[in-house]
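Trainee: With positions in the sequence shown counted from 1, the corresponding number in the numbering used here is that position plus 6.
Dropping the structure in here first, questions after.
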Amino acid sequence: MRQYEEALSQTIDMDAGLKGEELHNALKKAQETADRDARTAEIVGLVEQLEERLGKK
Numbered sequence: 007m008r009q010y011e012e013a014l015s016q017t018i019d020m021d022a023g024l025k026g027e028e029l030h031n032a033l034k035k036a037q038e039t040a041d042r043d044a045r046t047a048e049i050v051g052l053v054e055q056l057e058e059r060l061g062k063k
């Protein structure tokens with residue numbers, strides 16, 4: 007969620023003059039990026055747990 011907020015803030019700061027559709031698309035892209043980053047972090051955590059269970063760490 008923090009990444010989404012940062013991306014949102016950067017998007018707004020970059021161009022406050024974006025039109026409605028452009029702003030919507032920028033917000034959608036920021037949300038998709040934050041969601042993807044969250045899923046990646048979750049997968050990394052699961053892989054680390056699996057490695058520990060298999061005795062690789």
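Glycine is no exception: its CB is placed at the ideal position from the N, C-alpha and C atoms.
Quantities reported herein were computed from a predicted structural model and do not represent experimental measurements.
For Lys62, which of helix, strand or coil comes out of DSSP?
Mentor: Coil.
Trainee: Short check: CB of Ala64 to CB of Tyr10, under 8 Å?
Mentor: The displayed coordinates of the chain run from 7 to 63. Any statement about residue 64 would go beyond what the structure contains.
Trainee: Would DSSP call Lys34 helix, strand or coil?
Mentor: Three-state result, Lys34: helix.
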